[in-house]
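Counting with my numbering, you get residues 1 to 186 for the letters of the sequence shown.
C-beta atoms are modelled at their ideal positions from N, C-alpha and C, and glycine is treated no differently.
Treat the numbers as computed from the prediction; the structure is a model and nothing was measured.
Down below is the structure, laid out as structure tokens.
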Amino acid sequence: PLVKLLSIKNINGRENLPKDKGFIFICNHGSFIDDIVLPVTISPTINKHTHIYCNDKFLKNLFTRTYLKWGRVIPIRTYKSKDQKKINKKAFKLALKYLKKGDPVGIFPEGHRSKDGKLQKAYHGAAKLIVKTDVPIVPIGTVGTHKIWPKGSKLPKLKKCTVNIGKPLYFNKQNVEQITKKIMKS
């Protein structure tokens, strides 16, 4: 309730969230606040936990690790390392498990927060999940989150954002590049 009161101006399209099956929600990524705004928008609407891909470097700090584990994030490695493939393969399997269970999985296709709120080049993670499942993708666009907690800022500001939830998209088995282009356009 506090996040909604302080940070969210409008939520449009809640009726587009599937309640009867798992789905992948994709969203632009302007701020740390996205990791809070999306679960408080989605979970109460569908009465299920959300599971968002999260850079595992944020699990190193006790405070953020406690919050993120409570939030049931899916740790991924976004930077090059010898363990990157192993960690990301484990994340992929965990995402598939949640989707089969009927829970939503969230991905920021850009992989990192935007400094100015503009879309960045997308990676193919969401499309790779689509190819392995038959769940829909729900496109979500946040407007203004980059002003609430700008990249590089230690604390959020008292600003408001809007959350726009699009209609579910279904894909036949296209290639990951085609799917990525379509989801980013949506």
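Going straight from the alpha carbon of residue i to that of residue j, what length do you get?
i    : j    : result
I33  : V73  : 14 Å
N10  : C161 : 7 Å
F84  : P75  : A small correction: the amino acid at residue 84 is Gln; Phe does not occupy that position in the sequence shown. Distance between the alpha carbons of Q84 and P75: 11 Å.
A206 : F63  : Residue 206 cannot be examined here, being either before or after the span of the chain that is shown, 1 to 186.
K181 : I8   : 28 Å
I183 : T142 : 15 Å
Y170 : L119 : 22 Å
K93  : N16  : 26 Å
I24  : L99  : 8 Å
K185 : L38  : 19 Å
K157 : L129 : 34 Å
For the candidate residues the options, whose alpha-carbon lies nearest to that of residue i?
i    : options                  : result
W149 : G125, I26, G106 and G117 : G117
V135 : K185, S186, N28 and K97  : K97
N88  : G71, W70, I107 and K100  : I107
S153 : S114, L62 and V163       : S114
G111 : P156, I8 and I52         : I52
V105 : N12, A122 and G22        : G22
K151 : G30, Q178, A95 and G13   : G30
K167 : L158, I140 and L155      : I140
G125 : H146, G13, K159 and Q178 : Q178
C27  : I137, F92, L99 and V131  : I137
D20  : D103, H146 and N164      : D103
Just to confirm the assignment, what range does the alpha helix (DSSP H) spanning residue i have?
i   : result
K86 : Q84 to K101
I37 : The residue asked about is misnamed: residue 37 is Val in this sequence, not Ile. Element bounds for V37: D34 to I46.
Y67 : L62 to W70
What first and last residue would you give for the beta strand (DSSP E) that runs through residue i?
i    : result
K9   : I8 to N12
N28  : Looking at the DSSP string, N28 is not in any beta strand (DSSP E), and its letter there is neither H nor E.
V105 : V105 to I107
P75  : I74 to I76
N55  : H51 to N55
Exercise for the section: Would you list, in sequence order, the uninterrupted beta strand (DSSP E) runs of no fewer than 3 residues that lie entirely inside the stretch 131-186? Expected result: Counting only runs of 3 or more, we get 137-143 and 161-165.
Self-check item: Validate contact between the stretch 36-49 and the stretch 57-65 using beta carbons, cut 8 Å, 3 pairs
Solution: no
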